[in-house]
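Trainee:
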Amino acid sequence: MVQACKKRKASYVKRKEETQDLKTQVGALQKQVDDLREKAGLAPISSSDQELELWKARSFTNLLERATHEQQIDVARAQSKMLQLQENLSKNPLYRPIRLPKGWAERRNILLSLREEMMTRGCQYVAARSQPLDSGCSHFSDHLYEDENGNFCCERFEFIHFQGVKSLRQVFEAVQFFMNTMEISISEKLGHTTVREDYDNNVDGGPSSCNCRLVSKSSENVTMEMNCIAFAEYFDMRSEFEGQPCAVMVTDCVDADELYPYSPNDRVRRDVGAAIVLTEVIPEKAARSSNDKQSEGGGVQGRRGEEEGVVVLMQRAAFLTIHRPEFEISEASMDSLPEGVSNWGDVMVQAIRGFVQSA
């Protein structure tokens, strides 16, 4: 039996297939070359004008992306250096040394002498810290770290808006109310049993100043104490805030008190330096609405507060230090201290909102 011979491909067919394979390989190689030239910043070979323009656009986009990434890395380096600088500073920008003697007359004279300087420092810092920020938008920044002495430190700056309130003075009165009753709010909201010991609740003869100690027991049964002085005042204008009306509250800690010394053997010391500035802001949406009505001859001046209420901006800067305990406490208790104390600021905002809403 004769086996049939396998039919051979014609020569022209084989050459056609080989040619097609070579074209495919050339196309793949050309693409690799174009990719390599694009990465190297070179124009593609034998490209049309349209392809050349497309390549230029892609190259420019890649250049911008690389430049943006390099800038972001530079910003990260700058932020790291700034944070390191802040952590290396021994005191915060609001701090000034406060040492109170035993005599009441001398104590009061020292406290009265602090008022103007503390107000000025607080306003200057808040104005500088908020200068590049949009007052119509919310803002929050928080930096937590441990200093070289093992103390827990927290630096916070934030914008908080109170919408639809009656006036700037109403929010200021709410701040004063919290200032004089904060131990009640802290005990109720956080479950930290807090006792207030007023040493001088009318430093300047009015309700807007005090020197007091707050003793608080955390959920982990750790007792903390804070000896502070606070001043609050309403201003018809201040140059730091473009001459507009504002209300200011400043707080600082007492370094040493001969009459009421700290108890480091059984209490954890907590220091707070804070500045709060209240100003009225006009939301962009409300401003546009008012302008539209005025252009129609509606005469809406003075009606914005009646129709929509006032928006008050709270700018708050706070510096917190929890001193490393000089007595033995559990690791769980130590870890809970920063979290519990940092919530005090949230309690303040809740109390203010409750005050203005109930009015």
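Here the sequence shown is numbered in UniProt numbering, starting from 1 and rising by one per residue. Glycine included, C-beta positions come from ideal geometry on N, C-alpha and C. Computed from a predicted model, the values in this text were never measured in an experiment.
Using the Cα positions of A57 and F152, report the straight-line distance between them to the nearest angstrom.
Mentor: Between A57 and F152, the C-alpha separation is close to 51 Å.
Trainee: Candidates F159, E240 and S216: which alpha carbon is nearest L133's?
Mentor: Nearest option by C-alpha distance: F159.
Trainee: Where does the unbroken beta strand (DSSP E) through L111 begin, and where does it stop?
Mentor: It is not in any beta strand (DSSP E) - L111 instead sits in the alpha helix (DSSP H) that spans W104 to S130.
Trainee: Can you list, in chain order, the residues of its chain whose CB lies under 8 Å from that of F172, leaving out five sequence neighbours each side?
Mentor: Taken in chain order, the residues that qualify are A232, Y234, A247 and L278.
Trainee: The beta strand (DSSP E) that contains F157, what's its start and end?
Mentor: Here the beta strand (DSSP E) through F157 covers F152 to V165.
Trainee: Could you spell out where the alpha helix (DSSP H) holding K217 opens and where it closes?
Mentor: Where K217 is concerned, there is no enclosing alpha helix (DSSP H), although the beta strand (DSSP E) it sits in stretches over S209 to K217.
Trainee: Below 6 Å CB to CB, which residues in the same chain sit around L274 once its five sequence neighbours on both sides are set aside?
Mentor: One point to set straight first is that residue 274 is Ala, not Leu, in the sequence displayed. So the list reads T251 and A318, once near-sequence residues are dropped.
Trainee: Under the rule that 16 or more other beta-carbon atoms within 10 Å means buried, what is Y125, buried or exposed?
Mentor: Buried.
Trainee: Out of curiosity, what's the CA-to-CA distance linking Q20 and G27?
Mentor: Approximately 11 Å, taken between the alpha carbons.
Trainee: Out of E331, E51, N343 and S59, which has the shortest C-alpha to C-alpha gap to K189?
Mentor: Comparing Cα-Cα distances from K189 to each of E331, E51, N343 and S59, the minimum goes to N343.
Trainee: Using CA coordinates, which residue listed in V215, E280, E258 and L313 is at the minimum distance from R269?
Mentor: R269 has its Cα closest to that of V215, out of V215, E280, E258 and L313.
Trainee: Is the Cβ-Cβ distance between V312 and F162 less than 8 Å?
Mentor: Yes; because the gap between Cβ atoms is below 8 Å, this pair is in contact.
Trainee: Taking A174 and I352 to be in contact with their CB atoms under 8 Å, please state how far apart those CB atoms are, rounded to whole angstroms.
Mentor: That belief holds up - the Cβ atoms of A174 and I352 are roughly 4 Å apart, short of 8 Å.
Trainee: State the DSSP-derived secondary structure class of G243, mapped to helix, strand or coil.
Mentor: If DSSP states are grouped into helix, strand and coil, G243 belongs with coil.
Trainee: Can you give me the Cβ contacts of E240 inside the same chain, cut-off strictly under 8 Å, excluding the 5 residues immediately before and after it?
Mentor: Closer than 8 Å at Cβ, skipping near neighbours: C123, Q124, V126 and A127.
Trainee: Taking only the alpha-carbon atoms, compute the straight-line gap between L144 and D257 and give it to the nearest angstrom.
Mentor: Going by the C-alpha atoms only, they are around 28 Å apart.
Trainee: Taking DSSP as the reference, what is the three-state secondary structure of M226?
Mentor: It is a strand residue.
Trainee: When DSSP labels each residue in this structure, what does I98 get in the three-state scheme?
Mentor: Looking at I98 - three-state DSSP - the assignment turns out to be coil, as it is neither helix nor strand.
Trainee: What are the boundary residues of the alpha helix (DSSP H) that includes S185?
Mentor: Counting along the chain, the alpha helix (DSSP H) containing S185 begins and ends at L168 to L190.
Trainee: Judging by CA-CA distance, which residue of M314, R238, G150 and R108 is the nearest neighbour of H139?
Mentor: When each option's Cα is compared against that of H139, the closest is M314.
Trainee: For a quick check, are the C-beta atoms of E326 and P264 less than 8 Å apart?
Mentor: A contact, by the Cβ cut-off of 8 Å.
Trainee: Identify whether residue 379 lies in helix, strand or coil by the three-state DSSP scheme.
Mentor: What the structure shows of the chain is the stretch from 1 to 359, and residue 379 is not part of that stretch, so it cannot be assessed.
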